[in-house]
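With positions in the sequence shown counted from 1, the corresponding number in the numbering used here is that position plus 31.
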Amino acid sequence: MVIITVFSTKGGTGKTTVTANLSAVLADMGFRVLMIDTDVQPSLSKYFPLHYRAPNGVVEFLLEKNDETTIRSTISNTIYPNLDIIFSNDVSDDVQVKVQNRPDRAFLLRSKLVHPYIAENYDAVLIDTQGSVGVIQDAACFAANLVLSPIMPETLSAREFISGTQDALERLAHGSIMNLPIPPLRALIYARDRTKDARMISEQIRKYFNSTLDPNKRLLTLEIPSAKAYKEASTLRIPVHCHEYTHSGKSSSARRQMINLVYELFPSIEEQKVECHLFGDNLENLLPEENTANLSAENIQNGAEDGSHE
32 MVIITVFSTK GGTGKTTVTA NLSAVLADMG FRVLMIDTDV QPSLSKYFPL
82 HYRAPNGVVE FLLEKNDETT IRSTISNTIY PNLDIIFSND VSDDVQVKVQ
132 NRPDRAFLLR SKLVHPYIAE NYDAVLIDTQ GSVGVIQDAA CFAANLVLSP
182 IMPETLSARE FISGTQDALE RLAHGSIMNL PIPPLRALIY ARDRTKDARM
232 ISEQIRKYFN STLDPNKRLL TLEIPSAKAY KEASTLRIPV HCHEYTHSGK
282 SSSARRQMIN LVYELFPSIE EQKVECHLFG DNLENLLPEE NTANLSAENI
332 QNGAEDGSHE
């Protein structure tokens with residue numbers, strides 16, 4: 032099982048969009064995917080419609096007993112096959128304080144994700160984090176096999192990555208004392224527009240990574256352009272790779288971009304020539320949305336009670 036933490040110390044860098052769409056394309060390829068929303072602004076929790084809403088969420092997942100019953104009570108199902116989520120229900124940010132006071136805070140997420148129920152039911156776990164520094168962000172990084180950090184090619188975002196994100200990773204290096212190594216970092220240039228400024232900043236970011244001698248920190252070759260397809264897909268609450276199959280411009284389609292992101296992160300998937308297939312060409316294989324499913328169940332029950340049938 033692979034665990035990917037999408038991380039940045041700055042908000043508004045595309046973490047949630049990347050988490051949602053990378054999760055969805057992996058699920059469409061046939062992998063069993065669990066998303067975990069640890070952000071107090073629960074954007075990921077609202078990204079896709081739900082087929083089933085669990086009674087609990089990330090607060091209970093983090094703080095309650097680490098047993099199968101508790102874990103199962105926190106996992107909701109989206110309408111997309113193979114794509115589940117533990118939604119954020121920490122509207123007050125209180126969980127950060129509670130985790131801060133725990134002696135096992137650095138190991139907290141790691142210990143949850145090695146539970147047999149998670150390992151046996153999922154091939155990939157993707158964790159969306161808050162755009163700041165905190166104990167849950169640290170725990171999410173320690174739990175991961177890979178840290179993915181989107182960088183927008185604009186001055187403030189690039190500076191924050193070089194200073195804030197790098198400082199955070201250097202702070203996490205102290206975890207090696209507790210046998211908690213820092214996972215490899217993969218940075219992704221995200222939402223690059225066609226301006227000269229964006230091109231220059233992208234080149235500076237690449238020069239920065241080319242100059243580093245740390246093999247664990249690498250900038251992906253792929254760049255995600257600033258494209259309306261991502262905003263449209265978010266509004267429609269569908270994965271972007273199911274929204275834009277082809278693109279008439281110079282850049283590739285959003286579908287090809289997300290598939291290429293998977294291939295670059297996991298070369299073995301490309302070698303196996305795995306493509307999207309599970310959702311159906313016209314999204315015909317989706318599960319019914321939560322309210323629709325409940326209504327159908329209610330109709331069935333009412334029909335059984337009054338003897339009506341078609």
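Don't be surprised by glycine CBs; every beta carbon is placed ideally from N, CA and C.
Asked                                                                                        : Found
Alpha helix (DSSP H) segment containing ASN152, residue limits                               : 147–152
Minimum length 4: unbroken alpha helix (DSSP H) runs contained in the region 223–278         : 227–242, 259–267
Reference ILE116; option with closest CA among VAL145, HIS82, LEU140                         : HIS82
Reference GLU254; option with closest CA among PRO73, ASN241, ALA229                         : ALA229
For VAL37, the three-state DSSP class (helix, strand or coil)                                : strand
Cutoff 6 Å; reference GLY43; Cβ partners in own chain excluding five residues on either side : none
CA-to-CA distance, ALA264 to LEU114, given in whole angstroms                                : 17 Å
For ALA335, three-class secondary structure by DSSP                                          : With a pLDDT of 39 at ALA335, under the threshold of 50, the modelled position of that residue is not reliable, and the figure given next carries that caveat. Of the three classes helix, strand and coil, the one that applies to ALA335 here is helix, per DSSP.
Span separating the alpha-carbon of LEU317 from that of ALA58                                : 12 Å
Candidates ILE102, ILE167, PRO112, of which the one nearest SER133 by Cα                     : According to the sequence provided, residue 133 is Arg. The question's Ser does not apply to it. When only C-alpha atoms are compared, the closest one is ILE167.
Span of the alpha helix (DSSP H), counted from its first residue to its last, around PRO298  : 298–302
Start-to-end residues for the alpha helix (DSSP H) that takes in SER284                      : Note, SER284: premise wrong, no alpha helix (DSSP H); not H, not E.
Nearest-angstrom Cα separation, counted from LEU309 out to SER284                            : 19 Å
Contact set for PHE92: own chain, Cβ-Cβ below 8 Å, skip 5 residues either direction          : ILE67, THR101, ILE102, THR105, ILE117, LYS143
Reduced DSSP secondary structure (H/G/I, E/B, other) of ALA171                               : helix
Helix, strand or coil at ALA328 [DSSP, three-state]                                          : Bear in mind that a pLDDT of 44 at ALA328, under 50, signals an unreliable position, so the number given afterwards is only what the model happens to contain. The answer is helix: DSSP assigns ALA328 an H, G or I state.
Selected residue, minimal CA-CA separation from ASN108, among ASP125, LYS129, ASN97, ALA85   : ALA85
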